[in-house]
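Enquirer: Dropping a structure here in structure tokens format, bear with me for questions.
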């Protein structure tokens, strides 16, 4: 994943295993070492990461920037919501909705890609068209507040978001989008998407979906299609004159990315049990591009890293308690309090400054320099970073699970 | 449209390209199987536009292109390439962030599949003298090396017709000499059309020279005939004497 030489071909090796451990171990242990709140927030960040990875795939590897990956994310979320609201009563599970949500996004991506690539639009226009698509969907969904906008029991709800209305099964009156509920033949009881004190199954579903999709995307990139995609990024005209069907290749990669964005949308709707037109908005759309830029455009994992970093920063800055130390009194306490208030009030400004600084200092994003460091000094990774992580997480788990707290 | 002769690999019949009111190309040309044809002419004569139409990058305004008897006018570039026409552009177009080996492999994979493309890439590395740079990024190569890599990429899929647009642009005389040898070597398997400005180089490789001027076929013949042609000197070499190129 990380030991790349900028050539689009992924090499496996010692550094890969180290990086995988450094990423997977903490992610897998979070629900045991922290409150469900942390796992819940992290699940959302991972969903945003999955969305960002879909942009990594087309922008980093095939050279096509899209400002509208959120269109497919939103359509996936809405389609999941509409189908799940209608099927949860009679069927009791939402498997059909999961498939339907991803399929709707894939279909939209396929149609969009067809018109963009077979209409011979240049890259800049293609990027703008995607954004326009997202904004058109935003306008459309905002205007669906009326009672006539109903599909079965699903009211589109305009700006207030999608909800169920009526009486199906146990649901009476208004009800939310149901979480992912699956019943496979080998299961004793249905799987239910939850991230709370009783179950963190939802977190592991998100983590598993992200991991599986990431590995699948790596397989695609290691295939012939992936090599052609990189050739297109490097020089589209040359690739065409080597006999490669550029439009078909772009269409395929773009549709795959749309499917991934759609899957992220499905998980999002299930996670929050809510979706509204904001998912098609400009702020959300540009956030995806920022995540990818920050994490590293030319790496598949960059989107995840960027999404985690940006969202953690946002929630951290927003969460600095302005009055926490005021009680301590004195000048220092007052200063700290003022600082806290200023930071909280201007969280977005601070966040913006950090982003601009990072992009200026790390042109390639966060991942490539870290990857180079790890591949140059693997011993630091194996014998310092990894043990440090293990000790930290062991301490956290001991404290949470057995009330044995070191700090 | 006149029927092409049996030995003809490529024929352009009343091939025309207008850019607005400007007629960039209006050409009739036959190329025989196995020929090594040099296309010369002053800047703006329409040589690159002609190549663009042959490879499908530019759609002709009128006229037809036949390749091995098949009408290929207006086909997509990738289809024309798959039929057996490949091109090296004037400015080297290589995949800069990929290794030299990967560049050649990509050029071969479409025709031969992954495994055989590896072998052929290794073989071509030797032919273009870049064996020692197999793992280097193409961006790190010198200009001359990039030119050779680009020619290697055009030739590796064993196309029937190879178009080379100024393969010696920016090369030193020694490098141009090696390029001429390589091109003559390629001519054993493929028909070539080479655009050149360097008359020394043209003299070394050409069997037939076609002079283009203002989009039209102005004169053709052996290099000696072209050199003896006074009006060619007027339009191309400069009226009445040796020009800066020493011709």
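Residue numbers (the working numbering), protein chains in the order written: chain A, 8 to 414; chain B, 653 to 899.
The beta carbon of each residue, even a glycine, is placed where N, CA and C say it ideally should be.
Given the structure is predicted, the values throughout are model-derived calculations rather than measurements.
Across which residues does DSSP place residue 716 (chain B) in a beta bridge pair?
Expert: B:665.
Enquirer: Could you have a look at residue 412 (chain A) and say whether DSSP puts it in helix, strand or coil?
Expert: The answer is coil: DSSP assigns residue 412 (chain A) none of H, G, I, E or B.
Enquirer: On the DSSP bridge assignment, give the partners of residue 357 (chain A) in chain order.
Expert: According to DSSP, which records beta bridges pairwise, residue 357 (chain A) is partnered with nothing at all.
Enquirer: Exposed or buried, which one is residue 77 (chain A) when buried takes at least 16 other CB atoms within 10 Å?
Expert: With 16 or more other Cβ atoms within 10 Å, it is buried.
Enquirer: For the pair the segment 692 to 707 of chain B and the segment 852 to 864 of chain B, tell me if three or more CB-CB distances fall below 8 Å.
Expert: Touching, yes.
Enquirer: Are the CB atoms of residue 320 (chain A) and residue 124 (chain A) nearer to each other than 8 Å?
Expert: Contact: no.
Enquirer: Could you pull out every residue in the same chain whose Cβ sits closer than 6 Å to the Cβ of residue 820 (chain B), ignoring the five residues on either side in sequence?
Expert: Correct list, in chain order: 828, 831, 850 and 853.
Enquirer: Under 7 Å between beta-carbons, which chain A residues line up against residue 745 (chain B)? List them in chain order, please.
Expert: Within chain A, the residues near residue 745 (chain B) are 242, 244 and 245.
Enquirer: Could you list which residues in chain B have their beta carbon closer than 9 Å to that of residue 237 (chain A), in chain order?
Expert: Within 9 Å Cβ-Cβ: 747, 749, 750, 754 and 758.
Enquirer: Considering only the alpha carbon of each residue, which of B:784, B:741 and B:848 lies closest to residue 751 (chain B)?
Expert: Of B:784, B:741 and B:848, the residue nearest in Cα terms is B:784.
Enquirer: At a CB distance below 8 Å, what residues from the segment 250 to 273 of chain A approach chain B? Give them in sequence order.
Expert: Flagged, chain order: 250, 251, 252 and 253.
Enquirer: Between the Cα of residue 877 (chain B) and the Cα atoms of B:748, B:855 and B:669, which residue gives the shortest distance?
Expert: Checking every option, the nearest Cα to that of residue 877 (chain B) belongs to B:855.
Enquirer: By Cβ distance below 7 Å, which residues in the same chain neighbour residue 58 (chain A) in space, the five residues on each side in sequence not counted?
Expert: Correct list, in chain order: 76, 80, 268, 271 and 295.
Enquirer: Out of A:297, A:347 and A:389, which has the shortest C-alpha to C-alpha gap to residue 367 (chain A)?
Expert: It is A:297.
Enquirer: Counting pairs of beta carbons, one from the segment 723 to 731 of chain B and one from the segment 225 to 242 of chain A, are three or more of them closer than 8 Å?
Expert: No, because fewer than three Cβ pairs between the segment 723 to 731 of chain B and the segment 225 to 242 of chain A fall closer than 8 Å, the two stretches do not touch.
Enquirer: Applying the criterion that 16 or more other CB atoms from any shown protein chain within 10 Å of the CB defines a buried residue, is residue 130 (chain A) buried or exposed?
Expert: Residue 130 (chain A) is exposed by the Cβ-count criterion.
Enquirer: If you run the structure through DSSP and keep just helix, strand and coil, what is residue 114 (chain A)?
Expert: Residue 114 (chain A): helix per DSSP, three-state reduction.
Enquirer: Quick one: give me the first and last residue of the beta strand (DSSP E) that residue 865 (chain B) is part of.
Expert: Residues 860 to 865.
Enquirer: Quick check: is any heavy atom of the ligand FAD less than 7 Å from the C-beta of residue 224 (chain A)?
Expert: This structure lacks the ligand FAD; in fact it carries no ligand of any kind.
Enquirer: Does the contact criterion of 3 or more C-beta pairs under 8 Å hold for the segment 397 to 408 of chain A versus the segment 24 to 44 of chain A?
Expert: Touching, yes.
Enquirer: Could you tell me which chain E residues have their CB closer than 8 Å to the CB of residue 231 (chain A), listed as they occur along the chain?
Expert: Annotation note: the requested chain E is absent from the structure, which comprises protein chains A and B.
Enquirer: Under 8 Å between C-beta atoms, does residue 671 (chain B) make it to chain A?
Expert: So no, residue 671 (chain B) is outside the interface.
Enquirer: So, under 8 Å CB-CB, residue 235 (chain A) and residue 256 (chain A) are touching, yes? Tell me the CB distance rounded to an integer number of Å.
Expert: At roughly 5 Å, the Cβ-Cβ gap stays under 8 Å, so residue 235 (chain A) and residue 256 (chain A) are in contact.
Enquirer: Listed in chain order, which residues of the segment 725 to 738 of chain B have Cβ atoms closer than 8 Å to some Cβ of chain A?
Expert: Correct list: 728, 729, 730, 733, 734 and 738.
Enquirer: Using a Cβ-Cβ cut-off of 8 Å (strictly less than) and excluding sequence neighbours within five positions of residue 869 (chain B), which residues of its own chain qualify?
Expert: Hits under 8 Å: 679, 680, 681, 862 and 863.
Enquirer: In chain A, which residues lie with their C-beta within 8 Å of the C-beta of residue 809 (chain B)?
Expert: Under the 8 Å cutoff, chain A gives 249 and 250.
Enquirer: State the start and end residues of the unbroken beta strand (DSSP E) segment that holds residue 816 (chain B).
Expert: First-last of the beta strand (DSSP E) with residue 816 (chain B): 813 to 817.
Enquirer: Taking the alpha carbon of residue 309 (chain A) as the point to measure from, which residue in A:169, A:249 and A:63 has its own alpha carbon closest?
Expert: Selected option, being the one with the closest Cα: A:63.
Enquirer: Within the same chain, show all residues whose beta-carbon is closer than 7 Å to that of residue 28 (chain A), passing over the 5 residues directly before and after it, in chain order.
Expert: Here the set comprises 393.
Enquirer: Quick check on residue 776 (chain B): buried or exposed, where buried means 16 or more other Cβ atoms within 10 Å of its Cβ?
Expert: By the 10 Å Cβ count, residue 776 (chain B) comes out buried.
Enquirer: Can you tell me whether residue 671 (chain B) is buried or exposed? The criterion is at least 16 other CB atoms within 10 Å of its CB, across all chains shown.
Expert: With fewer than 16 other Cβ atoms within 10 Å, it is exposed.
Enquirer: Should residue 772 (chain B) be labelled buried (16 or more other beta-carbon atoms within 10 Å of its own) or exposed?
Expert: Flag for residue 772 (chain B) reads buried.
Enquirer: Going by beta-carbon coordinates alone, are residue 780 (chain B) and residue 801 (chain B) separated by less than 8 Å?
Expert: Contact: yes.
Enquirer: With a 10 Å radius around its C-beta and 16 neighbouring C-beta atoms as the bar for buried, classify residue 754 (chain B) as buried or exposed.
Expert: Looking at its Cβ environment, which holds 16 or more other Cβ atoms inside 10 Å, residue 754 (chain B) is buried.
Enquirer: Do residue 165 (chain A) and residue 186 (chain A) count as a contact pair if the criterion is CB distance below 8 Å?
Expert: Cβ distance not < 8 Å, so residue 186 (chain A) and residue 165 (chain A) don't count as in contact.
Enquirer: Measure the CB-CB distance between residue 737 (chain B) and residue 667 (chain B) and report whether it falls below 8 Å.
Expert: Going by C-beta atoms, residue 737 (chain B) is not nearer than 8 Å to residue 667 (chain B).
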